[in-house]
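Novice: This structure is in C-alpha cells; I'll ask about it shortly.
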Amino acid sequence: MKGVLATDRRGIRELGAEELVGWDEVTQGVILESFEVPMEENVAHIRPEERPYSDFSSYTATVASWRVIKPVYNRDICIDCQNCWVWCPDTSIISRDKQMLGIDYDHCKGCGVCVEVCPTNPKSLLMFSEAEEPEAALAKWPEKKKKEKK
Amino acid sequence: MAEKMELNEVEVWDGNYAAAQALRQAQVDVVAAYPITPSTPIVENYGAFVANGYIDGEFVMVESEHAAMSGCVGAAAAGGRVATATSSQGFMLMIEVLYQASGMRLPIILNVVNRAIASPLNVRGDHGDMYAGRDSGWIQLDAFNAQEAYDLNLCAFKIGEDINVRLPVMVHQDGFLTSHTAQNVYPLSDDEAYAFIGDYKPVDEMLDFTRAVTYGAQTEEDWHYEHKAKQHRALMDSYTVIDRVFAEFKEKTGREYKRLESYLMEDAEVAIVALGSTVETALLAAKQLRESEGLKAGVVAPRVFRPFPFNEIRDALANVKAVAVLDRSCPMGAMGALFNEVSAAMYASPHRPLITNFIYGLGGRDFSLEDAKAIFREQKGHADVGYITTPLQQFSGLRGPKLGFYEMKRSK
Amino acid sequence: MALTSIKNLKEFSTANERFEGAHLLCPGCAHSMIVRELMNATDDNLVIASATGCLEVCTAVYPYTSWDTSWIHIGFENAATAAAGAEAMYKARKRKGTLKDPDAPVKFVAFGGDGATYDIGFQWLSGMIERGHDVTYICLDNENYANTGGQRSSATPVGAHTSTAQAGRVSYGKKQKKKDIVAIMAAHGAPYVAQLAPNKWKIMAKGFQKALETEGPCFINTVSACTTEWKFNPKDTINITDLATDSLMFPIYEIIDGRQLNILYRPKNVIPVEEYLAAQGRYKHLFKPENRHVIDMIQKEVNERWEYLQRREEAGV
C-alpha cells in the first residue's frame, strides 16, 4: 500500500477508459458490486484505504481531467477544523484521526468550495493553476491579512 | 410460523381464489398490491390469509399499481419472494416498472387477470393487457381455467427463481371467464406445494451487508445494447427450465403442461391457434365438428406466450392445410400479434399452410361454440380450394357491415 | 454505535466515507455534500433508494457506482416505494429468520430531487408516509429540474427564471408560489419532518440522526444550491446557502408528530432577500426597474412566513 494519500486502487482509470466487454460478459441485471470480496465487517468501520474496491467502484476512477484549477494545501497554517472535509462535494479531503492530511487529486474537480470555507488567515487552501507545482504554490503563499472591518 | 391450511382433494375455486391459494402456499414474503377488477379477489384473499395467520409475509396495500410494482421491485431486490396481481388499466400503469423488474432480473410473480384496455372503459376480459406486456422481458404463462391458474402459479415461482433464469413471470387468466368461474380444482397440500417450489434463493440481495450492490445503474450507448441482448438471451433460453419444471410438475401431479399445447392435431387438416379460455371453446367445437361433420379440426395454444414457442408452432402446424389465428386484442393498424408470430414461424418452415387472422371477443364479447365452428368450416373451405377466399383479417362476432382487411396475393 | 459523534467537526470527520468520488455531479454541487453528511451521520448499514435525477445519473453510470452501500434506482417517481418495498422485505425476512445477519443494524433511506418529490413522485411519497414505513426520505431541493436542463418544478420560487418559466420582455419568471412540502408532509402526521441546509452542518447532521433513529416515516427537505441552474460560481455553494438561510428564504425548522414546530436556526443578522437574489443569475431580471415589485413581494412573503413559523413554535401545538 502506498499510503493513505495515494492508495493502490484509487483513480487508476479515466472515466470512459474501461474495457468494453461483450453481452456475455456484462453483469446480470446490470448489477454493480462495490467490492471485490465480501466484507467481513461493516463497511463504515473500514477505512477507505483498507477496502477491497472492485473495478466497478468509482473510487477506482479519476476525474482529475475535469480540473483547470486545483486547491493546494498548506499544512503549516491548517488548524484541522475540518470545514473543507464536511463541505467537499467530491469526497476529496482526506482526513484521518481528526487531521487533515491532504487532497485526493484523483477525485477533486477543482470547485474551490474548500478554499471558500477555510477559516484560517491566511487560508490553508488556495486555488492555483492545475499546472502549478505544489512547492511553487507554497512559495507564493500570501501573508496574514489584517482583519477587515465590516 | 404461518398456520397451515387443510385442503380437500377437490376444491371448488374460481381462478382468482386458485391463484391466491398458490401465493399462500408459496409463502410469498412481500405482496405489494392495488385493487382492480377483475383481479382484486386475488389480493383480497391474500389479505384474508394474512389477517388469519396463514402467511408470515408482509402485505403492503399501496396507492397505485405503479407503486405496487415499484414496491415489488424494491422488495425483490432485498432478496425474497414477491408476487402481486393486476388487470387492464392497472397493468398499463405498471408497465414502466415491468421493464425495470425484468432488466434487474428480479423474479417477481404477477398474476394478470386479463381485461380490456380503455378507452372506452370496460371491465371484461380480452387480451389487450397481456399483449401490452409482450415486449417487457417477462416470461408469460397462460392459464385457460382455474386449475391451470393454480398450477401455473406454483410453476411460475420455480421457473422465475431458477438460478439460470432469474426473470419475472406473469401468469395470465381471462377476466371473469376464468377468474370468476368456480370449477373443480385439485390442489396440492401446503407441504407438497412448498416442497415443489422450494425456498427462495437470494441473488445480489440488498440485505446482505457483506456486499454492497447497486441496482438500476444507467447505461448509455456503450453498454445498454449488450445488457438488453443478455436479458433477451436469458428469456430465450428460459425454455429449458420451463420444460424441466413442467416435467417435474407432471411427475408430482400427473398434470402435464407444454409450452405449446396441441389438441387433436395428430391428423388435423385445419386448426385454430388461440390463447386463454377460448382454447376450451375451440377444442369443444373441434370435437363436435369431428363427430358431426367429419371435419378434421384441431387446436394449438401457446401455454407460454413469452418466450414464444417458435419451433413448437412450426412442428404443431407442420401438416395442417389452413389455420386461423385468433387475436383477442385489437391490433390497431396491423395484423394481430399472434397471427404475425405464427406466420413468421411458418414462413421459416418448408410447409406453409394458409393462415388467416380473426379479431374476436374484445371487451368480453362472447366467443361461442358456433363462432368457433364457423371459423373451422371457413378454414376447411380454404383448404379445399387451396387459397384464402376471405380477407386475411376478419372480425368474429362483430355487429354491422362485414369488416375485413387484405387479401391473399396468388401467382397467376 | 449507530450514530457518529457530531459534537464537533473534528470528531465527525473520523467517519469512514461510504460515498465515493469520481461521481459525475457538477463541481460544487450541494447534492453530494448532503448525501455524504447523511451517510456519515450513522454507521448503520444503509439501503438507499434514489429517484431518477442528478444524483442518480451521476452516481451509478455503468460500469461505475459511487455507493458503498446497497443502492437502488427504479424510476423518477418511485424512490419512496422502492425503499418501502425493501423495508417490507426486511421485516418479512427478519420475522422468518432468512436474513444473513439478522442483528446487523440497517436504515432505509430514499433520496429524490424536488421534481421527484414535489411533482412526479408526490403520490408515491405520500403513500409511503401514510403507510408508516420506517424510511427516511430526503428531498434534495434545488428548486428545478436540473438534470433535464433547468425546467420549473412546483418547488421553483416566485420570480426565478427557468427554461419553462422564463423571464422575458413581459414575464418576470415563475408566477406561482413554491409548494410548502414540509407542511404537507407534516400534515400526514409523520413523526419527524424538517427543513435543513448543508451550511448548518451540525443542525443538519442532528436532523438526519433524529430522522434515522425515529421509527416510522420521516421527511427532510434539504436546500441544495445548484451552481448550474441557479447560476453562481461553483466555489460559492456554501456562501449562497448562507444567504439562503440568513435571509430566511429557507428557514431551518422541524415539526414533530405533525404538531410541535421547532425553529432550529435563528440568524443573528437577518439579511434582506435582495442579497440572496442578487447573488444568483436566475434572479438577475428581478433587478430591472419594472420587476422591483417582485422582490418586494418575495420579501413580504418571507417576513410573513417567518412570523408564522415563530408563532406556531410559540403556540406549541
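Residue numbers (our numbering), protein chains in the order written: chain F, 1 to 150; chain L, 1001 to 1412; chain C, 2001 to 2317. Don't be surprised by glycine CBs; every beta carbon is placed ideally from N, CA and C.
#1: Along chain L, in chain order, which residues have C-beta atoms closer than 8 Å to that of S58(F)?
#2: With distances taken Cα to Cα, identify the nearest neighbour of M2284(C) among N2045(C), A2160(C), S2066(C).
#3: Whole angstroms are fine: how far does the CA of I1159(L) sit from the CA of D1237(L)?
#4: Are the CB atoms of T1181(L) and G1015(L) within a distance shorter than 8 Å?
#5: Looking only at its chain, what residues have a beta carbon closer than 6 Å to the beta carbon of G2113(C), apart from the 5 residues adjacent to it on each side?
#6: Any idea which residues DSSP pairs T2136(C) with across the strands?
#7: Excluding the 5 residues preceding and the 5 following Y1421(L) in the sequence, name in chain order all residues of the same chain whose CB lies nearer than 7 Å to its CB.
#8: Kindly say whether W2067(C), judged by its beta-carbon, lies nearer than 8 Å to any beta-carbon of chain F.
#9: Can you tell me whether W1973(C) is helix, strand or coil according to DSSP?
#10: Mind checking the region 2096 to 2110 of chain C against chain L and listing, in chain order, the residues whose C-beta falls within less than 8 Å of any C-beta there?
#11: Does G102(F) have its Cβ less than 8 Å from a Cβ in chain L?
#12: Report the neighbours of T1219(L) on chain F: residues whose CB is nearer than 7 Å to its CB, in chain order.
#13: So that I know if they touch, is there some Cβ in chain L lying closer than 8 Å to that of P48(F)?
#14: Does the beta carbon of M2001(C) come closer than 8 Å to any beta carbon on chain L?
#15: Would you say D1384(L) faces chain C, with C-beta separation under 8 Å as the test?
#16: Are S1070(L) and Y1034(L) touching if we call contact CB-CB under 8 Å?
#17: Check the Cβ of Y1099(L) against every Cβ in chain F and list those closer than 9 Å, keeping chain order.
#18: Using CA atoms only, rank isn't needed, just tell me which of T2117(C), Q2166(C), F2208(C) is closest to A2041(C).
#19: If we ignore side chains and look at the alpha-carbon of each, how far apart do A1324(L) and L1152(L) end up?
#20: Short check: CB of H1066(L) to CB of L1110(L), under 8 Å?
#21: Say whether chain L places a C-beta atom closer than 8 Å to the C-beta of H2073(C).
#22: Roughly how many whole angstroms lie between the Cα atoms of D1162(L) and N2262(C)?
#23: Check whether chain C comes within 8 Å of M1(F), counting only Cβ atoms and requiring the distance to be less than that.
#24: Taking only beta carbons into account, state which residues of the region 98 to 131 of chain F come closer than 9 Å to chain L, listed in chain order.
#25: For C88(F), I'd like the list of residues in its chain whose CB is within less than 7 Å of its CB, leaving aside the five on either flank, ordered along the chain.
#26: Taking just the CA atoms, how far does H1224(L) sit from K2288(C)?
#27: Quick one: complete beta strand (DSSP E) runs, 3+ long, within the region 2017 to 2083 of chain C?
#28: What's the gap between the Cα of V2061(C) and the Cα of G1404(L)?
#29: With burial defined as no fewer than 16 other Cβ atoms inside 10 Å of the residue's Cβ, what is the status of K2(F): buried or exposed?
#30: Which one of A2082(C), M2185(C), A2244(C) has the shortest CA to CA distance from P2272(C)?
#31: Residues of the region 2125 to 2148 of chain C in Cβ contact with chain L at a cutoff of 8 Å, in chain order, please.
#32: CB A1132(L) to CB H1172(L), shorter than 8 Å?
#33: Quick check: is the beta carbon of K1201(L) nearer than 8 Å to any beta carbon in chain F?
#34: Suppose the cutoff is 8 Å on Cβ atoms and the five residues either side in sequence are ignored; what does the same chain contact list for A134(F) look like?
#35: Kindly indicate which three-state DSSP category E2254(C) falls into: helix, strand or coil?
#36: Excluding the 5 residues preceding and the 5 following P2191(C) in the sequence, name in chain order all residues of the same chain whose CB lies nearer than 6 Å to its CB.
Specialist: In terms of the structure at hand:
#1: The contacting residues do not exist; S58(F) stays about 10 Å from chain L at best.
#2: Strictly speaking, residue 2284(C) in this sequence is Lys, with Met absent from that position. The residue with the shortest Cα to Cα distance from K2284(C) is A2160(C).
#3: For the pair D1237(L) and I1159(L), the Cα-to-Cα distance works out to about 12 Å.
#4: Yes.
#5: Listed in chain order, the non-local C-beta contacts of G2113(C) below 6 Å within the same chain comprise G2053, L2140, local neighbours out to five positions each way being set aside.
#6: Beta-bridge pairing links T2136(C) to V2109(C), C2218(C).
#7: In the structure as shown, chain L begins at 1001 and stops at 1412. Residue 1421(L) is therefore absent and cannot be evaluated.
#8: For W2067(C), the answer is yes, since a Cβ of chain F falls inside 8 Å of its Cβ.
#9: Residue 1973(C) lies beyond the residue range present for chain C, which begins at 2001 and ends at 2317; the question has no answer from this structure.
#10: Listed by position along the chain: K2096, T2098, L2099, K2100, D2101, A2104, V2106.
#11: Among the residues facing chain L, G102(F) is not included, as its CB has no counterpart in that chain under 8 Å away.
#12: Per Cβ cutoff of 7 Å: V30.
#13: Not one chain L Cβ lies under 8 Å of P48(F).
#14: In this predicted model, M2001(C) has a pLDDT of only 45, less than 50, meaning its place in the structure is not dependable; the value taken from the coordinates is given anyway. Residue-level contact check: M2001(C) does not touch chain L, since none of the beta carbons of chain L fall below 8 Å from its beta carbon.
#15: So, not an interface residue.
#16: Going by beta carbons, S1070(L) and Y1034(L) fall outside the 8 Å limit.
#17: Per Cβ cutoff of 9 Å: no residues; Y1099(L) is ~12 Å from chain F at best.
#18: For A2041(C), the closest C-alpha among the options T2117(C), Q2166(C), F2208(C) is that of F2208(C).
#19: Straight-line Cα distance between these residues: approximately 26 Å.
#20: Taking 8 Å as the Cβ cut-off, H1066(L) and L1110(L) do not qualify as a contacting pair.
#21: H2073(C) counts as touching chain L.
#22: Roughly 53 Å between the two C-alpha positions.
#23: A caution first: M1(F) carries a pLDDT of 36, below 50, which makes its placement in the model unreliable, though a value can still be read off. Not flagged as an interface residue toward chain C: M1(F), since no C-beta distance is shorter than 8 Å.
#24: Across the region 98 to 131 of chain F, no CB contact with chain L closer than 9 Å is found for any residue.
#25: Cβ within range, chain order: V113, C114.
#26: Rounded to whole angstroms, the separation of the alpha carbons of H1224(L) and K2288(C) is 48 Å.
#27: Whole beta strand (DSSP E) segments, 3+ residues: 2045 to 2050, 2070 to 2073.
#28: If I take the Cα positions, the gap works out to 50 Å.
#29: Confidence at K2(F) is low in this model, with a pLDDT of 46, below 50, so its placement is unreliable and no value can be given for it.
#30: Checked all of A2082(C), M2185(C), A2244(C); the closest Cα to P2272(C) is A2244(C).
#31: Of all residues in the region 2125 to 2148 of chain C, S2126, G2127, E2130, R2131 have a Cβ within less than 8 Å of some Cβ in chain L.
#32: No; because the gap between Cβ atoms is not below 8 Å, this pair is not in contact.
#33: Cβ-Cβ to chain F under 8 Å: no for K1201(L).
#34: Sequence check: residue 134(F) is Pro here, not Ala. Hits under 8 Å: V72.
#35: Strand at E2254(C).
#36: T2214, G2216, D2257.
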